[in-house]
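For reference, the structure is listed below as structure tokens.
Take a look at the structure:
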């Protein structure tokens, strides 16, 4: 089955919003063997929406739209698509009552704002895609030739929920037995090795990847390698991808930290579980970003106790015990300071393991000796200290993200050394 | 001038990557009056790339591509587009030498990996768009009918740098005097008020917005209101937008916290500067996310000292002085605990102002009395305590983001009360 995606909203054409909906749908559809043959973005104009949907219907016969279902005057998807199908709009009392109940139960007031009434209007002959995650209902509209448009909301959380609850089961049913020859991917995640060095490392094993495509996807977290298999049965794809992924992992070695969407945080949490250890952090230039990444994972509270955001030097001295001499002689951005930060937070917060980050994230604050991107990381594992200094690339945001990734990698390596000794 | 965007990479069709490049280019181009008439995503296949670029050239005559310029075997943009123009590829010795120097100067080794050589191949008759932010050079290719394709790298930081350095000046020059009737937008940012309530609030002032379009953009940070003016001179657009934005601000009142891409953090930092105060944080469920958001802003170190990530109850007790009785009687997620966290971190870290967050971010840990999304925030401004409890919506990530936004809003309001008294 081929599908076109139409994402609706001036904000997409003007570039004010990232189209995360398109990416999510592409991923989910690929998994059931549905190919996206075109993605189009169009603004909040009734005629433009109708034109794009009509063209997509004529080409492909199956269209998913996102956006333009809200309560405000720029939300025009339903009447525009109704016009393409030659249907009129009617008020659905059931939807209106559900909206009213939702408003009251949230404690937002006793009366539904007039603007919400628009959300209860639906095209004649449409089926409703129930929204359990927000107020705007979705719509499924189909003509006598089985051509269809599914309209989903633009708010990502609502769109994802509605897709999973309502649209995905509907599409699976339509596909039936044809959902066999699918597109399947495996991702091998690496960190601390450059894209071109990876490419050279993998040259000798390229023959093991025959019939699969291999994509290199660099980013602040490292370089992801994605293997893709097309047009085979699910079983054959899985077998080929598994053996190819194993070949990549062997060739690359310890720079591989995970697979698929694995976060390096999860790799660290797994090792903490195995080692039975607790972790704390001391963050200067990252200001809490490392703690934030760790606690983004549910269940991290079993191993992560917390730590100190030591943005000022006074906090480093008073609450981590970094010596005044260290700060004066080596500076706040130094391995010496990083080591005292790690040891200080580990002792005070009574943890098995501590990691610290101090650096120059930019754009200001660089010097010839310590240019922007200079970062020091230290790990203290029950008194065993390791530290290093690196020159990271990118802007402030990227330097900070790369710093947290590198710090997590240092923790992973320290745990691996400890677990294997 | 109309332009089409073609973003290249399997990862875009399969949904593994968010297309931030498209959004950035759309925004930058709109500012010089260039309209994006279509956005297409295509995979890493030479024939597919050539087909899409050929169609776009035939339709619009001006195409910007991103992606597919890297050193690995899936990077096919240059030869594919060369084929569309009927040009062959040649090795550019200047680019090769620059790549070699860059490799050596970064300390990555003495020999350039063979994979990088591919980056030095360019189509006959092409101009080079210099890359000051990475290794892959960009390409400008034009035919005798002045139809052109500009090829930019896919790595967002490199793409943005090259666009600003090389392509933008080139396009400005082409546009000349025609860059007058432009698309201009103003954004008014609100937080703590629902989209439909905003719509009702603005109904009475709609007439003041005649001739402008108004978009409601809800997200975890609040609802952004975007006013857009099309087809007027830059001066007329600015005057209309300014007066319309002023009307919105007056109608909405204190829920407005900024304009354009203002971060609520900046609004808080501005007030801290005015008040001459310092800020610290104590974070439980957000685990450093608030500190991370604050320190994402360069210069925040003048007002932000740091704080405590108090993920475990023991850290709350030992390092913030939250009473055991408080934790037992009210629980870790309570206004009482939030208040003691704020006061505790303020006293220990010697700051004027402290803000604390404790809550149930989910997906587990909810109870009937404190379901997932229950969050308590407290602010201590020189001993004056305020606190509140709210039920926030969304998944773990969204609850955490909404928590930091709400905490910053509490700080903003406390500072406004203090500054006006």
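Residue numbers (this note's numbering), protein chains in the order written: chain L, 1489 to 1909; chain C, 1489 to 1909. Using N, Cα and C, we set each Cβ at its ideal position, and we do this for glycine too.
Contacting residues, own chain, Cβ-Cβ under 7 Å from residue i (five flanking each side not counted)
i: residue 1907(C); result: 1759, 1762 and 1763
i: residue 1888(C); result: 1773, 1774, 1777 and 1849
i: residue 1884(L); result: 1849, 1850 and 1851
i: residue 1905(C); result: none
i: residue 1647(L); result: 1509, 1554, 1640 and 1641
i: residue 1631(C); result: 1573
i: residue 1514(C); result: 1524
i: residue 1612(L); result: 1575, 1576 and 1578
Beta-carbon neighbours of residue i, restricted to chain L and to distances below 8 Å
i: residue 1851(C); result: 1786
i: residue 1769(C); result: 1776 and 1797
i: residue 1499(C); result: 1703, 1705 and 1714
i: residue 1709(C); result: What residue 1709(C) touches in chain L: nothing, since even the nearest Cβ is about 12 Å away.
Distance CB(residue i)-CB(residue j) smaller than 8 Å
i: residue 1798(L); j: residue 1823(L); result: no
i: residue 1794(L); j: residue 1800(C); result: yes
i: residue 1775(L); j: residue 1783(C); result: yes
i: residue 1913(C); j: residue 1527(L); result: There is simply no residue 1913(C) to check, as chain C begins at 1489 and stops at 1909 in what is shown.
i: residue 1732(C); j: residue 1696(C); result: yes
i: residue 1626(L); j: residue 1638(L); result: yes
i: residue 1518(L); j: residue 1497(C); result: no
i: residue 1767(C); j: residue 1841(C); result: yes
i: residue 1700(L); j: residue 1729(L); result: yes
i: residue 1853(C); j: residue 1863(C); result: no
i: residue 1836(L); j: residue 1875(L); result: no
i: residue 1653(C); j: residue 1620(C); result: yes
i: residue 1530(L); j: residue 1706(C); result: no
i: residue 1566(C); j: residue 1610(C); result: yes
i: residue 1833(L); j: residue 1796(L); result: yes
i: residue 1708(L); j: residue 1882(L); result: yes
i: residue 1865(L); j: residue 1844(L); result: yes
i: residue 1501(L); j: residue 1506(C); result: no
i: residue 1791(C); j: residue 1560(L); result: no
Residues that residue i contacts on chain C, provided the C-beta gap is smaller than 9 Å
i: residue 1866(L); result: In chain order: nothing, as chain C lies at least about 17 Å away.
i: residue 1841(L); result: Those do not exist, as residue 1841(L) stays about 14 Å from chain C at its closest Cβ, beyond 9 Å.
i: residue 1673(L); result: 1498, 1502 and 1504
Listed by chain order, chain C residues near residue i by CB distance under 7 Å
i: residue 1779(L); result: 1775, 1776 and 1797
i: residue 1560(L); result: 1683, 1687 and 1704
i: residue 1754(L); result: Simply none; closest approach about 14 Å.
i: residue 1601(L); result: 1684, 1685, 1687 and 1688
i: residue 1604(L); result: 1684
Where residue i meets chain L, residues with beta-carbon distance less than 9 Å
i: residue 1438(C); result: This structure cannot speak to residue 1438(C), because chain C is shown only from 1489 to 1909.
i: residue 1528(C); result: 1526, 1527 and 1528
i: residue 1532(C); result: 1701 and 1703
i: residue 1518(C); result: 1501, 1502 and 1503
CB-CB length for residue i against residue j, believed under 8 Å
i: residue 1538(L); j: residue 1572(L); result: 5 Å
i: residue 1485(C); j: residue 1525(C); result: Because chain C spans 1489 through 1909 in this model, residue 1485(C) falls outside it and cannot be assessed.
i: residue 1651(C); j: residue 1663(C); result: So it is not a contact: roughly 15 Å between Cβ atoms.
Close-in-space but distant-in-sequence residues of the same chain around residue i (CB under 6 Å, 5 per side omitted)
i: residue 1756(L); result: 1896, 1899 and 1900
i: residue 1748(C); result: 1675
i: residue 1635(C); result: 1545 and 1549
i: residue 1718(C); result: 1671
i: residue 1725(L); result: 1672 and 1717
i: residue 1588(C); result: 1600
Residue i beta carbon near the ligand ZN (any heavy atom closer than 7 Å)
i: residue 1500(L); result: Of the ligands one can find in the structure shown there are none, so the ligand ZN has no counterpart to examine.
Neighbourhood of residue i by C-beta distance below 8 Å, restricted to the same chain and skipping five residues each side
i: residue 1805(C); result: 1811, 1812 and 1815
i: residue 1745(C); result: 1677, 1678, 1679, 1710, 1752, 1755, 1897 and 1900
i: residue 1902(C); result: 1841, 1867, 1869, 1872 and 1874
Interface partners of residue i on chain L, CB under 7 Å
i: residue 1782(C); result: 1775
i: residue 1837(C); result: 1803
i: residue 1792(C); result: 1799
Closer than 8 Å at the beta carbon, the chain C residues around residue i
i: residue 1645(L); result: 1882, 1883 and 1886
i: residue 1596(L); result: 1682 and 1685
i: residue 1515(L); result: 1502, 1503 and 1504
Query - Segments assigned beta strand (DSSP E), at least 3 residues, entirely inside the region 1640-1727 of chain L - result: 1670-1678, 1701-1707 and 1710-1720
Requested in this report: Any chance you could list the beta strand (DSSP E) runs of at least 3 consecutive residues sitting entirely within the region 1525-1560 of chain L, in chain order?
Outcome: Every beta strand (DSSP E) of 3 residues or more that sits fully in the region 1525-1560 of chain L is shown, in chain order, as 1550-1554.
Requested in this report: Taking only runs that begin and end inside the region 1571-1640 of chain C, name each unbroken alpha helix (DSSP H) of 4 or more residues, in chain order.
Outcome: 1581-1593
Query raised in the report: Quick one: complete alpha helix (DSSP H) runs, 4+ long, within the region 1795-1867 of chain C?
Result: Correct list: 1801-1808, 1812-1818 and 1823-1836.
**Report entry** beta strand (DSSP E) segments (min. 3 residues) lying fully within the region 1756-1802 of chain L
**Finding:** For the region 1756-1802 of chain L, the continuous beta strand (DSSP E) assignments of 3+ residues that do not extend past its boundaries occur at 1767-1771 and 1792-1798, in sequence order.
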